[in-house]
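This report concerns only the one structure given below.
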Amino acid sequence: MTEVLPIEKYAGLSDEECEARIVAAKEALGERLVILGHHYQREEVFRHADFSGDSLKLSREAAQSKAEYIVFCGVHFMAEVADILSRPDQISILPDLGAGCSMADMANLANVERAWRELATVLDPDETITPVTYINSAADLKAFCGRHGGIVCTSSNARKVLEWSFAQREKVLFFPDQHLGRNTGYTMGIPLEQMVVWEFDLPMGGLTAQQIRDAKMILWKGFCSVHQMFRPEHIDRFKDKYPDAKIIAHPEAPFEVCQKSDYVGSTEFIIQTVRESAPGTRWLVGTELNLVNRLHEQFKHQDKHVHFMSPTVCMCSTMFRIDPQHLAWTLDNLVAGQVVNQIKVAPEEARLARLALERMLEVSSR
Ligand code: 13P
Ligand code: SF4
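With the sequence shown counted from 1, adding 30 to any position gets you the numbering used here.
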C-alpha cells in the first residue's frame, strides 16, 4: 500500500501547480468523487466544486450523492452533516481540519445540557420547549435536538422550522445564533420582549424565572464574527449616496441591519435575488466577502453594481483555510488510495442527529 503524501510537500506549491493536480485527480477519480463547495469558498477552490450552494442545498446534495468520497469545501459542521446524511460506506472529507466555525463553537453539549437542567427548575422543558439548533453547530448538539424532540434549521428554512417547533411546544430554545433566531422570530410576529437572550456563562442564563416563563423564544448568546461587523450606519451612508440602491443581508446579521434591508435570506437566496434583478440595479450586500466579490464579478457585465456592506474586510477566516494546496493534497491522496481528514460521527450520535436533520428536510420540503 502507498504511504500518505505529506501536506508539507504541498505547502510550497503554487496555486497553478495545485490547479493542474486537482484537475488531474478529479479526472482519475471520476464518479467516485464529488466535491461540494459552499458559496464562501475562495475562487481558486470554488471553481472545482461539482455542486455549490447554501447549507440546505449542500446537505441535500450530500444525502443524494452516490459518490464514494464526498470532499467538502466548507467548514467542519458541513462535512459532519454530509457524513450523517450519506450512506455508511461513503466517506466525508474536510481538506483542512482547522476549518471550523467560530459561531458553532459558541455552544457545546455541556453548556446546552446545563441550560436544559436549569430551565427544568422553572418548567418542564421536554413538555414546553422545542430545542432548535442552527445547522452551524456540532453533531452532538444536533443529537441533543434529536433526543429531545427538536430539530435543525438553516438560514433558508428557519421560519418553516420555527412554525413546526411552535406547533410541537409553546417555547423554543434556539442556539447558537441569536441573530437568526431573533430576525426570524420577529418576522413571524413575536415581539422582541418575548425573545430573551440566554447568557451561557451566567447561572440561569442571567434570566429570572419570570422572564423564562414569559418568553416565547430563548436565544443563545452566539453570533457570527463576520456578520456582526455589518452596521445600520453602513446602510445609511450608502443610501445617502445611492438612494435607489437595494439592500440585501444574511439573517446572521444583527437585527437593526436586517430591519433596514429590503431583502434578508440565505447565501443561495442572495445570489438568486441579485441574478433576477433588472440591469442597472445597485446592491449593497451584507454577507461574506468572497461571495460578494463573486457576485460583483459575475454581474458587472449585466450592468448590475454589487457593493460590500462593510468598510472593513469581513472574511470568514475558517472557510478561507480550504486552499488549493489542501484540496490538491486531499485528492492526490485519494488517487493514491489513502483517505486523509475523514470526518466520522460516532454511530449513536449520528443516529440522533439524523433524526433532527431528517425532521428539518421533511419540514422544509413542505
Ligand atoms: P448559508 O446556509 O446561508 O449558506 O449560510 C451558511 C453560513 O455559515 C453563513 O455564515
Ligand atoms: Fe461560521 Fe460565520 Fe464563517 Fe458562517 S461566516 S462559517 S457562521 S464563522
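Built from N, CA and C at the ideal position, the CB exists for glycine as well. If you're wondering where the values come from, they're calculated on a predicted model, not measured in any experiment.
Using the Cα positions of residue i and residue j, report the straight-line distance between them to the nearest angstrom.
| i | j | result |
| --- | --- | --- |
| residue 339 | residue 314 | 6 Å |
| residue 327 | residue 179 | 44 Å |
| residue 289 | residue 383 | 33 Å |
| residue 268 | residue 224 | 32 Å |
| residue 131 | residue 373 | 15 Å |
| residue 94 | residue 385 | 17 Å |
| residue 38 | residue 356 | 10 Å |
| residue 181 | residue 214 | 16 Å |
| residue 107 | residue 167 | 6 Å |
| residue 237 | residue 161 | 18 Å |
| residue 255 | residue 363 | 34 Å |
| residue 365 | residue 55 | 6 Å |
For residue i and residue j, which I take to be in contact (beta-carbon distance under 8 Å), what is that distance rounded to the nearest angstrom?
| i | j | result |
| --- | --- | --- |
| residue 83 | residue 91 | 7 Å |
| residue 347 | residue 184 | Actually they do not touch by this definition, with Cβ atoms about 22 Å apart. |
| residue 171 | residue 163 | 5 Å |
| residue 126 | residue 351 | 4 Å |
| residue 100 | residue 75 | The pair is not a contact, with the Cβ atoms about 15 Å apart (cut-off 8 Å). |
| residue 259 | residue 204 | Wrong, their Cβ atoms sit about 22 Å apart, outside the cutoff. |
| residue 149 | residue 242 | 7 Å |
Buried or exposed for residue i, please, with buried defined as at least 16 other CB atoms from any protein chain shown within 10 angstroms of its CB.
| i | result |
| --- | --- |
| residue 232 | exposed |
| residue 331 | exposed |
| residue 229 | exposed |
| residue 41 | exposed |
| residue 186 | buried |
| residue 318 | buried |
| residue 128 | exposed |
| residue 111 | buried |
| residue 34 | exposed |
| residue 325 | buried |
| residue 219 | exposed |
Would you mind working out which of the options sits nearest residue i, comparing C-alpha positions?
| i | options | result |
| --- | --- | --- |
| residue 304 | 277, 358, 353 | 277 |
| residue 320 | 244, 72, 236, 309 | 72 |
| residue 69 | 245, 280, 242 | 280 |
| residue 312 | 301, 201, 322, 336 | 336 |
| residue 308 | 122, 282, 274 | 274 |
| residue 253 | 137, 387, 182, 79 | 137 |
| residue 217 | 257, 124, 200, 285 | 285 |
Self-check item: Runs of beta strand (DSSP E) lying entirely within the stretch 163-199, each at least 3 residues, in chain order
Solution: 181-183, all fully within the stretch 163-199.
Quiz prompt | Contiguous alpha helix (DSSP H) assignments of at least 4 residues, all confined to the stretch 318-348 | solution = 319-329
Quiz item: Could you give the uninterrupted runs of the beta strand (DSSP E) lying entirely in the stretch 250-295, keeping only those of 3 residues or more?
Solution: Correct list: 276-279.
Quiz item: Counting only runs that start and end within the stretch 63-144, where is the beta strand (DSSP E) found for 3 or more residues in a row?
Solution: 63-68, 81-83, 99-103, 121-123
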